[in-house]
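*Asks:* To convert a position in the sequence shown, counted from 1, into this note's numbering, add 164. Where is the CB? At the ideal position from N, CA and C, for every residue including glycine.
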Amino acid sequence: APHIRVNEIMLGMFDSRHAKETRGWRKVLTENEKQSLIDHTLLKRTGTIEDVVKACLFLIKDAPYMTGSVLRLDGGYVLAGEKIPPMPKGIV
165 APHIRVNEIM LGMFDSRHAK ETRGWRKVLT ENEKQSLIDH TLLKRTGTIE
215 DVVKACLFLI KDAPYMTGSV LRLDGGYVLA GEKIPPMPKG IV
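1. Rounded to a whole number of angstroms, what is the C-alpha to C-alpha distance between LYS218 and LYS253?
2. For ILE173, report the span of its alpha helix (DSSP H) as first-last.
3. State yes or no: is the C-beta of VAL170 within less than 8 Å of the C-beta of THR212?
4. Rounding to the nearest angstrom, what Cα-Cα distance links ASP179 and THR210 in this structure?
5. Roughly how many whole angstroms lie between the Cα atoms of SER233 and ALA227?
6. What does ARG236 pair with, by DSSP beta-bridge criteria?
7. Can you grab the Cα-Cα spacing for the pair ILE173 / LEU243, in whole Å?
8. Report the rounded CA-to-CA distance for ASN196 versus LEU175, giving the unit in angstroms.
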């Protein structure tokens with residue numbers, strides 16, 4: 165399969181609903197829990213749809229030799245350290 169590339173975009177926290185009638189994190193988290201997760205993120209914000217679009221365009225246009233990779237879009241959440249606030253019940 166020399167002409168097929170497979171990559172993954174791993175999303176962190178995005179301030180949007182997953183789909184109609186799903187429990188997006190806006191409905192599951194309290195404002196304090198949401199702010200705690202944002203504070204733990206190095207970029208101090210949630211992701212946007214534009215962030216996802218730019219990552220997709222990067223993979224399509226600028227990364228023709230990239231395959232089998234995971235592109236993490238989490239604003240530095242994982243890099244922020246081990247003291248990760250616990251995910252509230254129902255979010256995962």
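*Replies:* Result, derived from the coordinates:
1. Against the sequence shown, residue 218 aligns to sequence position 54. Against the sequence shown, residue 253 aligns to sequence position 89. Distance from the CA atom of LYS218 to the CA atom of LYS253, rounded to whole angstroms, is 31 Å.
2. Numbered from 1 along the sequence shown, position 9 holds the residue referred to as residue 173. Residue range 172–175 is occupied by the beta strand (DSSP E) that includes ILE173, with no alpha helix (DSSP H) assigned at that position.
3. Taking the sequence shown and counting its residues from 1, one reaches residue 170 at position 6. Taking the sequence shown and counting its residues from 1, one reaches residue 212 at position 48. No. Outside cutoff.
4. If you number the sequence shown from 1, residue 179 lands on position 15. If you number the sequence shown from 1, residue 210 lands on position 46. Rounded to the nearest whole angstrom, the CA to CA distance from ASP179 to THR210 is 6 Å.
5. The residue labelled residue 233 in the question sits at position 69 within the sequence shown. The residue labelled residue 227 in the question sits at position 63 within the sequence shown. Roughly 11 Å between the two C-alpha positions.
6. Reading the sequence shown from its first residue, position 72 is the one you call residue 236. In DSSP, ARG236 forms a bridge with MET174.
7. Position 9 of the sequence shown, counted from the first residue, corresponds to residue 173. Position 79 of the sequence shown, counted from the first residue, corresponds to residue 243. Cα to Cα, ILE173 sits roughly 17 Å from LEU243.
8. Stepping through the sequence shown from its first residue, residue 196 is reached at position 32. Stepping through the sequence shown from its first residue, residue 175 is reached at position 11. Rounded to the nearest angstrom, the two C-alpha atoms are 22 Å apart.
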